[in-house]
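Read top to bottom, the protein sequences are chains A and B.
Oh and the first sequence: position 42 is 42 in our numbering, straight run, nothing missing.
Whatever position you read off the second sequence (first residue = 1), add 1000 for our numbering.
Here a beta-carbon is modelled for each residue, glycine too, at the ideal position from N, C-alpha and C.
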Amino acid sequence: MKNFLFVLRHPPHEGMGIRESLDMVMTVAAFDQSVRVLFLDDGVFLLKLGQCTQNPNLKPTSPLFAALEIYDVEGLWVEQESLAERGLSLADLILPVQTIRREEMAFFLATADIVVAC
Amino acid sequence: MGVLHLVSRSPGESLALAQCLERAGASDAVLLLEGGVYAAIKDSVLAPKLAGSMQCVTIHALAPDLRARGIAAEEVIAGVVLIEYEGFVELSILHNPIISWS
């Protein structure tokens, strides 16, 4: 078994990227690999509460992540500084997440066998 | 008739907003749309820079794009004018030329 870390760095509604990324996360998890997901930089906006559901072309991205629990994804991680720099706090996010500080990031990244940036 | 500057990328992904503000003139308008609306969040570290620019240019943000991203009106920097699509049309008519900073 390998330790996979998926790093999401882009905001919602920039093409089909997020759905493809989630497909990849779920596929890897389905093969009983260890999977963590890290929301970094503008990726933290993917989890933001309150995204309007009315526009069929701009569906909210945050509920997509609620399903990850079922797939045994071991942890959703958010970098504290990415949140703070964007005026957000944990209360603005749709799910409980684990937080990590920027100064810990080098070690955190190094603990993964495979990092998938998406 | 001033210039309308369209900024559609998030400040976390692109320098478009900063680069636009360096070049905007006194009677110009800036419209934040799509990912560009993330620049309107008042508690972000970049907010003071945008607020400072409002002395010479007017800053607008497209409300439907704020709503799609879960940014409530209360979270937006004071002085940023929220507009609907009708307001976008109006800005397009009142300004010339229109420049996209994507």
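Top-ranked residue by Cα proximity to residue i, from the options
i, options, result
"B/GLY1002", "B/ALA1026, B/VAL1076, B/TRP1101", "B/ALA1026"
"A/LEU88", "B/ALA1040, B/GLU1013, B/LEU1015, B/ASP1028", "B/ALA1040"
"A/GLN98", "A/ILE114, A/GLU74, A/PRO11", "A/GLU74"
"B/ILE1071", "B/CYS1056, B/VAL1080, B/ARG1023, B/TYR1038", "B/TYR1038"
"A/PHE108", "A/ALA30, A/SER21, A/GLU14, A/LEU38", "A/LEU38"
"A/VAL44", "A/ALA106, A/SER82, A/GLU14", "A/SER82"
"A/ILE94", "A/VAL35, A/PRO60, A/LEU5", "A/PRO60"
"B/LEU1082", "B/LEU1021, B/ALA1061, B/SER1102", "B/ALA1061"
"A/ALA30", "A/PRO63, A/GLU69, A/LEU46", "A/GLU69"
Local Cβ density within 10 Å of residue i, reported as buried at 16 or more and exposed below that
i, result
"B/TYR1085", "exposed"
"A/GLU103", "exposed"
"A/ASP32", "exposed"
"A/ASP23", "exposed"
"A/LYS2", "exposed"
is_contact[residue i, chain A] using C-beta, thresh 8 angstroms
i, result
"B/ILE1041", "yes"
"B/ALA1072", "yes"
"B/SER1102", "no"
"B/GLY1035", "yes"
Closer than 8 angstroms to chain B by CB, residue i
i, result
"A/PRO63", "no"
"A/LEU90", "no"
"A/ARG19", "no"
Continuous beta strand (DSSP E) stretch holding residue i: start and end
i, result
"A/GLU79", "75 to 79"
Contact set for residue i: own chain, Cβ-Cβ below 6 angstroms, skip 5 residues either direction
i, result
"A/GLY50", "none"
Same chain only: Cβ atoms within 7 angstroms of residue i, ignoring 5 sequence neighbours per side
i, result
"B/ASP1028", "GLY1002, VAL1003, HIS1005, VAL1057"
| message | By the 8 angstroms beta-carbon criterion, what residues does the region 44 to 76 of chain A contribute toward chain C? | response | The chain inventory of the structure shown lacks chain C, comprising the protein chains A and B.
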